[in-house]
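So the sequence shown is numbered by this note's numbering: it starts at 173 and just counts up by one.
Using N, Cα and C, we set each Cβ at its ideal position, and we do this for glycine too.
Below is one structure, written out as structure tokens; comments come after it.
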Amino acid sequence: MPRWAASSFILLPLGCFLSPDTQAFAGARRALSEKILELRLGLQVPPSVKDGLFKNDSPTNFLVIGNSGVGKSAILNCLIGDEGVLFPSGISMCEGMTKGCCPQRRDQHRFIDTPGMGDPSIPPERTADEITMALKFDGRYKVIFVLTLEHGRLDAGQLATMKLVLDAAPIKKYGVLLNQLTGPVYEKLSQKHEFERLIEIINMNMPKGKTARNPRFVQLMHEDLLLRDATNKVVNLPEEVVRFIQAVPGVHLAKKRVEAVRTNLWDKEKQAMQTRLQKIDDRLSWVRMWVVRISFAVLVKSGLRRLRRKLDPFY
């Protein structure tokens, strides 16, 4: 059974014993789901920055970039592991939680949260200025782009943000974290060919020489019951996500080599991304159609041969 289905499987039989009141049932289900996840995470607790993660690394700026609502702040809070939340996270109706470049120091490192492009509560020019500022702390960086999927499909606006940032700074190595994946999508992308196809689509839309060629630097993250819509929640990140962040290569950025993120091009880039993604979908649909047709033709031909052998002993 897939991991994502475990809680649902355990909870279904309990419906008989809970109050018929829908709200009470929902509350009990949520509490039990959180307890199950806490027990699962407690089996093997990966370290956080609080526990000494990265303590032997060179001073590094950990920069997380993405559109509003993709989970940047929550990921940083969990990575650092402090009980006191450093970056506000959770539900915010129609707007993002982070309004500016938010650097926080821990040991020799700096952890940087950024506002999301597409946040209607912040002028696009200000968002671009804040992201540009986050790129101008001289020194070693680990840059992680956080993306989410819509019904298993890449979002054009998120890819446009990623491309504009890569255009503005000499970032040739970075990580991509695909966050908030539902169970079925997570299971599908766990298949090698589906995962590689997704990476290929991302790379097709990025600047030349700045693509995520190494699959090790693209990581899937399951929809977490304790983080999804939770306010200022801190949990242990999955071990594979911690290993991924450790593996993301560092790059040295000098502020004099960083240009302004060109937010005036965001709508244009988003439209171009939508067009390209639609063409890719159309091409894949065309390929699938012909695969089905050819497979059907092969089956029909094979069936006719078997029928002819039965009817004609000399065939």
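Which partner residues of residue i appear in the DSSP bridge assignment?
{"i": "R277", "result": "R282"}
{"i": "I237", "result": "F317"}
{"i": "Q391", "result": "L349"}
{"i": "L326", "result": "L321"}
{"i": "L338", "result": "Answer by DSSP bridge pairing: none, since L338 is not bridged."}
{"i": "T232", "result": "R312"}
DSSP three-state label for residue i, please.
{"i": "L361", "result": "helix"}
{"i": "V423", "result": "strand"}
{"i": "T383", "result": "coil"}
{"i": "S220", "result": "coil"}
{"i": "M289", "result": "coil"}
{"i": "E297", "result": "helix"}
{"i": "G243", "result": "coil"}
{"i": "F468", "result": "helix"}
{"i": "G475", "result": "helix"}
{"i": "R480", "result": "helix"}
{"i": "A432", "result": "coil"}
{"i": "M378", "result": "coil"}
{"i": "F416", "result": "helix"}
{"i": "L251", "result": "helix"}
{"i": "L307", "result": "coil"}
{"i": "K442", "result": "helix"}
{"i": "V406", "result": "coil"}
{"i": "I343", "result": "coil"}
{"i": "T333", "result": "helix"}
{"i": "F226", "result": "coil"}
{"i": "T447", "result": "helix"}
{"i": "R369", "result": "helix"}
Should residue i go down as buried or exposed, given a rule of 16 or more other Cβ atoms within 10 Å for buried?
{"i": "S220", "result": "buried"}
{"i": "R278", "result": "buried"}
{"i": "S245", "result": "buried"}
{"i": "G288", "result": "buried"}
{"i": "A328", "result": "buried"}
{"i": "K382", "result": "buried"}
{"i": "M393", "result": "buried"}
{"i": "M334", "result": "buried"}
{"i": "G290", "result": "buried"}
{"i": "S233", "result": "Residue identity check: residue 233 is Asn in the sequence provided, not Ser. Classification of N233: buried, given that the 10 Å Cβ count is 16 or more."}
{"i": "Q330", "result": "buried"}
{"i": "D285", "result": "buried"}
{"i": "V463", "result": "exposed"}
{"i": "A419", "result": "exposed"}
{"i": "N386", "result": "exposed"}
Taking just the CA atoms, how far does residue j sit from residue i?
{"i": "K473", "j": "R455", "result": "27 Å"}
{"i": "A432", "j": "R465", "result": "50 Å"}
{"i": "L225", "j": "R388", "result": "19 Å"}
{"i": "L409", "j": "L471", "result": "48 Å"}
{"i": "T435", "j": "F468", "result": "49 Å"}
{"i": "V423", "j": "P292", "result": "31 Å"}
{"i": "I417", "j": "L425", "result": "18 Å"}
{"i": "M378", "j": "P342", "result": "13 Å"}
{"i": "D339", "j": "K428", "result": "15 Å"}
{"i": "L319", "j": "P295", "result": "21 Å"}
{"i": "L361", "j": "Y313", "result": "28 Å"}
{"i": "N239", "j": "N228", "result": "31 Å"}
{"i": "D310", "j": "P421", "result": "16 Å"}
{"i": "K482", "j": "G475", "result": "11 Å"}
{"i": "G243", "j": "M461", "result": "37 Å"}
{"i": "F430", "j": "P231", "result": "It is Val, not Phe, that sits at residue 430 in the sequence shown. Distance between the alpha carbons of V430 and P231: 20 Å."}
{"i": "L235", "j": "F317", "result": "8 Å"}
{"i": "Q352", "j": "G241", "result": "10 Å"}
{"i": "N447", "j": "V413", "result": "Asn is not the amino acid found at residue 447; the sequence shown has Thr there. Looking at the two C-alpha atoms, the distance is approximately 32 Å."}
{"i": "I374", "j": "L350", "result": "11 Å"}
{"i": "P275", "j": "E297", "result": "20 Å"}
{"i": "I237", "j": "H365", "result": "27 Å"}
Just to confirm my understanding: we take residue i, look at its own chain, exclude 5 residues before and 5 after, and list those with CB closer than 6 Å. What are they?
{"i": "R478", "result": "none"}
{"i": "Y346", "result": "V315"}
{"i": "K344", "result": "K382"}
{"i": "G324", "result": "V357"}
{"i": "Q280", "result": "P231"}
{"i": "V390", "result": "V348, I371 and A384"}
{"i": "T354", "result": "E395"}
Can you list, in chain order, the residues of its chain with a C-beta nearer than 7 Å to that of residue i? Leave out the 5 residues immediately preceding and following it.
{"i": "A332", "result": "W438, E441, K442 and M445"}
{"i": "L449", "result": "L326 and A328"}
{"i": "T299", "result": "P287, M289, D291 and T435"}
{"i": "L489", "result": "Shown here, the chain extends from 173 to 487; a query on residue 489 therefore has no answer."}
{"i": "A306", "result": "L235, C273, I284 and T286"}
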